[in-house]
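Accompanying notes for the structure given below.
Protein chains: 2
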Amino acid sequence: MCPGENQEPKVVSKEDMVGIDLSSTVHTNDAVSDVKAAPAVNGVKKDATHAGSVTTTTPYGPHPADFLSNVRNFKIIESTLREGEQFANAFFNLETKMKIARALDDFGVEYIELTSPAASPESRADCEAICKMGLKRSKILTHIRCHMDDARIAVETGVDGVDVVIGTSSFLREFSHGKDMAYIEKTALEVINFVKSKGIEVRFSSEDSFRSDLVDLLHLYRAVDKIGVNRVGVADTVGCANPRQVYELVRTLRGVVSCDIETHFHNDTGCAIANAYTALEAGATHIDTSVLGIGERNGITPLGGLVARMYTADPEGVKAKYNLSMLREIENLVAENVEIQVPFNNYVTGWCAFTHKAGIHAKAILNNPSTYEILNPADFGMTRYVSIGHRLTGWNAVKSRVEQLKLEMTDDQVKDATNKIKELADVKTQTMEDVDVILRVYHRAAQAGVLGLGESVKLDQLLEAHREGNNGIDAIADVPATKRQRTEA
Amino acid sequence: MCPGENQEPKVVSKEDMVGIDLSSTVHTNDAVSDVKAAPAVNGVKKDATHAGSVTTTTPYGPHPADFLSNVRNFKIIESTLREGEQFANAFFNLETKMKIARALDDFGVEYIELTSPAASPESRADCEAICKMGLKRSKILTHIRCHMDDARIAVETGVDGVDVVIGTSSFLREFSHGKDMAYIEKTALEVINFVKSKGIEVRFSSEDSFRSDLVDLLHLYRAVDKIGVNRVGVADTVGCANPRQVYELVRTLRGVVSCDIETHFHNDTGCAIANAYTALEAGATHIDTSVLGIGERNGITPLGGLVARMYTADPEGVKAKYNLSMLREIENLVAENVEIQVPFNNYVTGWCAFTHKAGIHAKAILNNPSTYEILNPADFGMTRYVSIGHRLTGWNAVKSRVEQLKLEMTDDQVKDATNKIKELADVKTQTMEDVDVILRVYHRAAQAGVLGLGESVKLDQLLEAHREGNNGIDAIADVPATKRQRTEA
Chain A
1 MCPGENQEPK
11 VVSKEDMVGI
21 DLSSTVHTND
31 AVSDVKAAPA
41 VNGVKKDATH
51 AGSVTTTTPY
61 GPHPADFLSN
71 VRNFKIIEST
81 LREGEQFANA
91 FFNLETKMKI
101 ARALDDFGVE
111 YIELTSPAAS
121 PESRADCEAI
131 CKMGLKRSKI
141 LTHIRCHMDD
151 ARIAVETGVD
161 GVDVVIGTSS
171 FLREFSHGKD
181 MAYIEKTALE
191 VINFVKSKGI
201 EVRFSSEDSF
211 RSDLVDLLHL
221 YRAVDKIGVN
231 RVGVADTVGC
241 ANPRQVYELV
251 RTLRGVVSCD
261 IETHFHNDTG
271 CAIANAYTAL
281 EAGATHIDTS
291 VLGIGERNGI
301 TPLGGLVARM
311 YTADPEGVKA
321 KYNLSMLREI
331 ENLVAENVEI
341 QVPFNNYVTG
351 WCAFTHKAGI
361 HAKAILNNPS
371 TYEILNPADF
381 GMTRYVSIGH
391 RLTGWNAVKS
401 RVEQLKLEMT
411 DDQVKDATNK
421 IKELADVKTQ
431 TMEDVDVILR
441 VYHRAAQAGV
451 LGLGESVKLD
461 QLLEAHREGN
471 NGIDAIADVP
481 ATKRQRTEA
Chain B
1 MCPGENQEPK
11 VVSKEDMVGI
21 DLSSTVHTND
31 AVSDVKAAPA
41 VNGVKKDATH
51 AGSVTTTTPY
61 GPHPADFLSN
71 VRNFKIIEST
81 LREGEQFANA
91 FFNLETKMKI
101 ARALDDFGVE
111 YIELTSPAAS
121 PESRADCEAI
131 CKMGLKRSKI
141 LTHIRCHMDD
151 ARIAVETGVD
161 GVDVVIGTSS
171 FLREFSHGKD
181 MAYIEKTALE
191 VINFVKSKGI
201 EVRFSSEDSF
211 RSDLVDLLHL
221 YRAVDKIGVN
231 RVGVADTVGC
241 ANPRQVYELV
251 RTLRGVVSCD
261 IETHFHNDTG
271 CAIANAYTAL
281 EAGATHIDTS
291 VLGIGERNGI
301 TPLGGLVARM
311 YTADPEGVKA
321 KYNLSMLREI
331 ENLVAENVEI
341 QVPFNNYVTG
351 WCAFTHKAGI
361 HAKAILNNPS
371 TYEILNPADF
381 GMTRYVSIGH
391 RLTGWNAVKS
401 RVEQLKLEMT
411 DDQVKDATNK
421 IKELADVKTQ
431 TMEDVDVILR
441 VYHRAAQAGV
451 LGLGESVKLD
461 QLLEAHREGN
471 NGIDAIADVP
481 ATKRQRTEA
């Protein structure tokens with residue numbers, strides 16, 4: 001079971017399970033003793049999803065008694081074209097903005113947020129053009145300062161809603177706009193009423209909420225809720241908040257306002273995804289994201305990371321809402337435009353996200369991928385990779401490769417060959433090709449009766465002869481004809 | 001104030017403050033109305049630390065009444081040489097391992113964890129060699145399977161302690177080692193007693209703790225605690241746990257065992273840092289990290305990210321314990337060895353971590369860096385950068401640059417020049433050099449009386465002439481003599 005409040009009653013029984021296609025990947029969050037299937041490894045077998053083949057339940061879902069939780073009922077406000085435009089490297093022309101908006105719409109985000117049309121003439125023209133694109137699913141928002149001048153421009157662009165923001169921390173009141181809370185409230189009410197009068201959505205958010213006075217903040221939020229704001233926003237502008245603080249603030253706010261609650265988390269201290277999840281548990285309804293998390297400084301909650309987190313709690317719900325296999329394409333599009341590399345350890349799409357290396361991991365993954373994977377790579381259009389050419393490798397992983405190569409070897413022979421792989425890998429990591437050569441040479445030699453168990457020195461000689469393309473050994477080593485000819489020539 | 005339980009009584013009064021060196025960076029977590037200082041921007045001014053100049057308190061610190069919290073009393077078990085060796089790209093020879101161990105010791109981590117000496121002959125020899133290095137501060141641990149064979153090898157290497165691990169989730173019991181809880185307990189007690197008999201530290205950890213049966217787990221931990229294990233470990237092996245689950249499990253465990261509690265968090269769903277922090281709040285004592293977070297799949301809690309998170313709660317404590325300015329050097333060392341790039345958005349050392357772009361951010365940062373920075377870059381040997389050559393720029397940031405260039409311009413002139421920067425940046429982001437050219441040309445022309453406010457077209461002509469190196473304009477434009485000669489030649 002999973003400790004904590006998010007446990008769910010077990011609803012899967014053996015009767016609920018249908019036959020498993022042995023070529024598919026079994027990913028289940030319950031330990032199912034009679035389900036064993038060979039998973040796809042290193043792309044040799046097709047990595048099919050298990051949708052429809054096993055009914056799964058997850059202990060990471062919201063607890064039924066957790067009545068505040070919106071973990072299964074959240075909306076994404078995708079802010080790559082607003083917060084992301086504040087990323088140091090970002091310069092999006094209209095063509096790029098439209099490409100990104102189209103991709104986000106295809107992915108299925110509920111909202112796309114754009115830079116304030118008051119920021120520059122180009123920003124305004126771009127905002128108007130994107131509103132005219134006729135996106136299928138995503139509503140268009142723009143994000144403005146809490147000021148009537150900005151509001152007047154914003155409502156004329158054709159957006160579905162306006163996100164209004166003002167700093168409320170003593171830091172920002174002191175060193176940024178210099179206004180007091182009475183002025184902030186007066187202006188907020190004026191701007192909200194004006195936007196509402198145009199028949200479009202309006203959100204009011206404090207900036208730097210976690211360093212603002214709690215009483216001031218709740219007072220202000222109650223006032224804007226009273227006049228019918230659609231959402232209030234909580235923003236961790238400097239990335240200082242931790243999950244328990246987020247839970248407390250959002251939970252308190254949930255008792256004060258009846259409107260939706262949006263949250264925005266910067267990632268300076270690594271809590272942006274966890275804070276977003278915790279905010280939903282506490283009753284928040286909307287999460288701000290950007291592709292790859294780009295934004296001011298090191299950015300905000302990344303779209304891919306949020307989706308991975310939410311999938312863990314509710315895989316079927318997330319798969320139904322979003323086109324997960326588009327994630328990599330959207331990330332590539334943005335990464336190219338802002339000239340960054342997708343980080344090696346990026347959620348879901350990082351090149352090592354589904355790579356398994358240690359021997360005990362590899363062995364278990366081969367029995368059941370759920371042992372060491374909480375995300376099913378196939379659901380994201382990805383494949384897993386089990387690394388076997390290193391000194392931490394185990395014979396179970398090597399045996400799987402032997403089977404893929406359709407070589408006939410006993411377990412003892414596989415163990416023997418594994419020892420050689422580990423021995424060679426102690427000097428340098430072996431590529432998959434290196435490993436395959438060891439296995440093929442071992443196999444041929446054993447079949448031909450020239451190699452017995454534990455004859456390490458003889459195996460070295462056979463491998464050496466193979467590498468030198470020695471004709472005498474060609475009868476044993478499985479060198480392709482083309483390569484043999486090249487060696488002979 | 002900061003909502004949540006981590007608020008601390010305000011202890012700073014004006015009397016506590018000493019004079020501020022105007023060339024230093026003021027970073028304070030309280031809004032201090034009478035402290036204003038010009039911060040270092042774009043490397044023009046030296047970015048000194050504020051240590052000693054302002055006594056700070058932080059609302060992000062642990063709440064005094066939070067008696068379980070170890071946020072101010074934690075230890076790092078640095079596992080780059082164990083978990084990190086399981087990273088897909090990792091291959092560390094002894095020389096590299098020793099370099100990394102030396103750097104981590106200099107940084108000040110309390111423990112360094114090494115791959116099991118039972119993994120390969122090389123692993124064993126390396127472990128023995130690192131134990132003989134005579135590190136100043138860090139104790140050496142090795143991480144073994146819960147098996148007497150592995151334990152016997154481990155205790156002979158000279159390590160200060162042995163970290164014992166076994167999978168306890170139904171997944172791992174079913175699909176990995178296949179043992180039941182009774183067998184696990186029996187073996188655990190045997191191994192622990194054996195390691196203790198050698199007079200060295202011993203930790204016992206379950207693997208995949210968050211998918212293990214809570215009652216089984218607590219039963220097992222109580223049994224090992226009873227015989228005097230030094231630490232028990234909680235591991236989120238698949239990266240499924242969220243902060244509230246972590247708090248619940250660790251808090252429950254804190255009531256069951258009297259030994260230390262170590263935690264290990266994978267980052268598949270982006271909660272590794274937040275989970276580590278929350279575990280400390282719940283009474284955990286030790287956190288596992290690796291440099292850049294490298295490990296199985298997308299890795300674990302990164303050293304730099306954890307340090308950033310802990311600094312937010314207790315800057316002085318973290319600065320006293322660790323040599324923070326070494327972070328980048330250690331990350332570079334590891335990144336080069338495993339052939340990865342430090343991610344653009346890496347905590348603290350990512351190239352955009354301290355870059356400010358939006359106009360309102362830039363303005364506030366120039367007044368007080370704490371407005372938009374929770375980490376003081378100087379404490380990590382880093383500098384901030386305020387980006388001004390883009391269409392979201394504001395005149396306050398441009399004014400700061402004007403002052404750096406020692407140009408005499410009125411506020412109206414700066415605003416006028418800012419409009420030109422924004423206009424040009426609407427087509428393409430302007431480099432700092434581009435911005436400087438605009439400012440210098442504007443300044444010279446205004447000084448010479450040939451350019452008035454709002455004469456945008458004339459300014460364009462002057463800039464065009466400057467770009468063409470037109471001699472007639474050289475009297476106005478601030479072209480260096482060397483460049484002028486080159487143009488003439």
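Residue numbers (the UniProt record's numbering), protein chains in the order written: chain A, 1 to 489; chain B, 1 to 489. For each residue, glycine too, the CB sits at the ideal point set by N, CA and C.
| Is the distance from the Cβ of Thr393(B) to the Cβ of Lys422(B) below 9 angstroms? | If you number the second sequence from 1, residue 393(B) lands on position 393. If you number the second sequence from 1, residue 422(B) lands on position 422. The answer is yes: Cβ separation under 9 angstroms.
| query | From the DSSP output, which residues share a beta bridge with Ile144(A)? | reply | Taking the first residue of the first sequence as 1, we reach residue 144(A) at position 144. In the DSSP output, where bridge partners are listed per residue, Ile144(A) has Val164(A).
| query | What residue ranges within the stretch 215–273 of chain A form continuous alpha helix (DSSP H) runs of no fewer than 4 residues, ordered along the chain? | reply | Restricting attention to alpha helix (DSSP H) runs no shorter than 4 residues, the stretch 215–273 of chain A encloses them at 243–254, ordered along the chain.
| request: Output the distance between the C-alpha atoms of Val256(B) and Gly270(A), rounded to the nearest integer angstrom. | output: Mapped onto the second sequence, residue 256(B) falls at position 256. Mapped onto the first sequence, residue 270(A) falls at position 270. Approximately 30 angstroms, taken between the alpha carbons.
| Got a sec, what are the start and stop residues for the alpha helix (DSSP H) residue 492(A) sits in? | Any property of residue 492(A) remains undetermined from this structure, which presents chain A solely from 1 to 489.
| field | Backbone CA spacing between Ala378(B) and Leu249(B) [nearest angstrom] | value | Sequence index remark: in the second sequence, residue 378(B) carries index 378 (1-based). Sequence index remark: in the second sequence, residue 249(B) carries index 249 (1-based). Annotation: Ala378(B) to Leu249(B) spans about 37 angstroms, alpha carbon to alpha carbon.
| query | When DSSP labels each residue in this structure, what does His356(A) get in the three-state scheme? | reply | The sequence position of residue 356(A) within the first sequence is 356, counting from 1. For His356(A), the three-state secondary structure derived from DSSP is strand.
| message | DSSP three-state label for Val195(B), please. | response | Indexing the second sequence from 1 puts residue 195(B) at position 195. Reduced to three states, the DSSP call for Val195(B) is helix.
| said: Just verifying my parser: in three-state terms, what is the DSSP assignment at Phe74(B)? | reply: Your numbering for residue 74(B) matches position 74 in the second sequence. Three-state result, Phe74(B): coil.
| message | Which same chain residues end up closer than 8 angstroms to Tyr311(B) when comparing Cβ atoms and leaving out the 5 residues on each side of it in sequence? | response | Within the second sequence, residue 311(B) is the residue found at index 311, counting from 1. Excluding positions up to five away in sequence, the list reads Val318, Lys319, Leu324, Leu375 and Asp379.
| For Thr301(B), which of Lys321(B), Gly283(B) and His266(B) has the nearest alpha-carbon? | The residue labelled residue 301(B) in the question sits at position 301 within the second sequence. Sorting Lys321(B), Gly283(B) and His266(B) by C-alpha distance to the C-alpha of Thr301(B) places His266(B) at the top.
| If you compare alpha carbons, which of Ala125(A), Lys357(A), Val215(A) and Leu220(A) is closest to Val165(A)? | For the purposes of this step, residue 165(A) is taken as the residue at position 165 of the first sequence. For Val165(A), the nearest C-alpha among the options comes from Leu220(A).
| query | Any idea if Ala90(A) is buried or exposed, counting beta-carbon neighbours within 10 angstroms, 16 or more meaning buried? | reply | Taking the first sequence and counting its residues from 1, the one referred to as residue 90(A) is at position 90. In the assembly as shown, Ala90(A) is a buried residue. Its beta-carbon has 16 or more other beta-carbons within 10 Å.
| query | Would Lys428(A) be called buried (16 or more neighbouring beta carbons within 10 Å of its own) or exposed? | reply | As a working mapping, residue 428(A) is identified with position 428 in the first sequence. Classification for Lys428(A): exposed.
| query | Is it right to say Gln86(A) is buried, meaning 16 or more other beta carbons lie within 10 angstroms of its own, or is it exposed? | reply | Here the question's residue 86(A) lines up with position 86 in the first sequence. Gln86(A) is buried by the Cβ-count criterion.
| said: Output needed in chain order: residues of the stretch 91–124 of chain A with a Cβ under 8 angstroms from some Cβ in chain B. | reply: Residues are counted here when their Cβ sits less than 8 angstroms from a Cβ of chain B; for the stretch 91–124 of chain A these are Phe91, Thr115, Ala119, Ser120, Pro121, Glu122 and Ser123, given in chain order.
| task | Look up His466(A) in the DSSP assignment and say whether it is helix, strand or coil. | result | Taking the first sequence and counting its residues from 1, one reaches residue 466(A) at position 466. Of the three classes helix, strand and coil, the one that applies to His466(A) here is helix, per DSSP.
| request: Closer than 7 angstroms by beta-carbon distance: list the chain A residues that pair up with His361(B), in chain order. | output: In the second sequence, counting from the first residue as 1, residue 361(B) sits at position 361. Result: Glu296.
| 9 angstroms Cβ cutoff, Gly270(B) in contact with chain A | Within the second sequence, numbered from 1, the residue matching residue 270(B) stands at position 270. The beta carbon of Gly270(B) sits closer than 9 angstroms to some beta carbon of chain A.
| Ends of the alpha helix (DSSP H) at Ile438(A)? | Taking the first residue of the first sequence as position 1, residue 438(A) is located at position 438. Judged by DSSP secondary structure, Ile438(A) falls within the alpha helix (DSSP H) whose first and last residues are Met432 to Gln447.
| request: Determine the chain A residues that contact Asp426(B) at a beta-carbon separation under 7 angstroms, and present them in chain order. | output: Your numbering for residue 426(B) matches position 426 in the second sequence. Residues of chain A passing the Cβ test: Ser120, Pro121 and Glu122.
| message | Output needed for Phe171(A): all residues of its chain with C-beta closer than 7 angstroms, excluding positions within five of it in sequence on either side, in chain order. | response | Along the first sequence, one-based indexing puts residue 171(A) at 171. Spatial neighbours of Phe171(A) in its own chain (CB-CB distance under 7 angstroms, excluding positions within 5 residues in sequence) are listed in chain order as Asp208 and Arg211.
| message | The alpha helix (DSSP H) that contains Asp412(B), what's its start and end? | response | Your numbering for residue 412(B) matches position 412 in the second sequence. DSSP places Asp412(B) in the uninterrupted alpha helix (DSSP H) bounded by Asp411 to Ala425.
| field | Alpha carbon of Asn230(A) to alpha carbon of Leu327(A), nearest angstrom | value | Stepping through the first sequence from its first residue, residue 230(A) is reached at position 230. Stepping through the first sequence from its first residue, residue 327(A) is reached at position 327. Here the alpha carbon of Asn230(A) sits roughly 29 angstroms from the alpha carbon of Leu327(A).
| said: Is residue 527(B) close to chain A? Criterion is C-beta to C-beta, closer than 9 angstroms. | reply: Since the first and last residues shown for chain B are 1 and 489, residue 527(B) lies out of range.
| Cβ atoms of Tyr322(B) and Val191(B): under 9 angstroms apart, would you say? | Translated into the one-based positions of the second sequence, residue 191(B) becomes position 191. Translated into the one-based positions of the second sequence, residue 322(B) becomes position 322. Contact: no.
| For chain A, is any of its Cβ atoms less than 9 angstroms away from the one on Glu85(B)? | On the second sequence, position 85 is the one that residue 85(B) refers to. At least one chain A Cβ lies under 9 angstroms of Glu85(B).
| Hey, out of Glu95(A), Lys196(A), Phe67(A) and Lys136(A), whose CA is closest to Leu333(A)'s CA? | Against the first sequence, residue 333(A) aligns to sequence position 333. Closest by alpha carbon: Glu95(A).
| field | Proximity below 9 angstroms, CB of Leu114(B) to CB of Leu135(B) | value | For the purposes of this step, residue 114(B) is identified with residue 114 of the second sequence, where counting begins at 1. For the purposes of this step, residue 135(B) is identified with residue 135 of the second sequence, where counting begins at 1. No, the pair does not count as a contact, with Cβ atoms beyond the cut-off.
| request: Starting from the Cα of Arg449(B), find the closest Cα among Asp436(B), Gln430(B), Lys420(B) and Gln413(B) and give me that residue. | output: Working through the second sequence from its first residue, we reach residue 449(B) at position 449. In the sequence on display, residue 449(B) carries Gly and not Arg. Comparing Cα positions, the closest option is Gln413(B).
| field | Cross-chain neighbours of Leu459(A) in chain B, by beta carbon under 8 angstroms | value | On the first sequence, position 459 is the one that residue 459(A) refers to. For Leu459(A), there are no neighbours in chain B by C-beta distance under 8 angstroms, as the nearest C-beta there is about 17 angstroms away.
| Per DSSP, Arg203(B) forms a beta bridge with which residues? | Taking the first residue of the second sequence as position 1, residue 203(B) is located at position 203. Under the DSSP definition of a beta bridge, Arg203(B) partners with Asp163(B) and Arg231(B).
| said: Looking at chain B, is there any beta carbon in it that lies within less than 9 angstroms of the beta carbon of Asp21(A)? | reply: The residue labelled residue 21(A) in the question sits at position 21 within the first sequence. Confidence at Asp21(A) is low in this model, with a pLDDT of 30, below 50, so its placement is unreliable and the value that follows should be read with caution. Interface residue (Cβ-Cβ distance to chain B less than 9 angstroms): Asp21(A) is not classified as such.
| said: For the stretch 426–442 of chain A against the stretch 458–465 of chain A, do three or more pairs of beta-carbon atoms, one drawn from each stretch, fall closer than 8 angstroms, so that the two count as touching? | reply: Yes: at least three Cβ pairs fall under 8 angstroms.
| Members of the stretch 319–350 of chain B that neighbour chain A once the beta carbon cut-off is set at 8 angstroms | Those residues of the stretch 319–350 of chain B that come within reach of chain A (Cβ to Cβ, closer than 8 angstroms) are Ile340, Gln341, Pro343, Phe344, Asn345, Asn346, Tyr347 and Gly350.
| said: Please report the distance separating the alpha-carbon of Ile273(A) from that of Ala364(B). | reply: Position 273 of the first sequence, counted from the start, is the residue given in the question as residue 273(A). Position 364 of the second sequence, counted from the start, is the residue given in the question as residue 364(B). Their Cα atoms are separated by approximately 26 angstroms.
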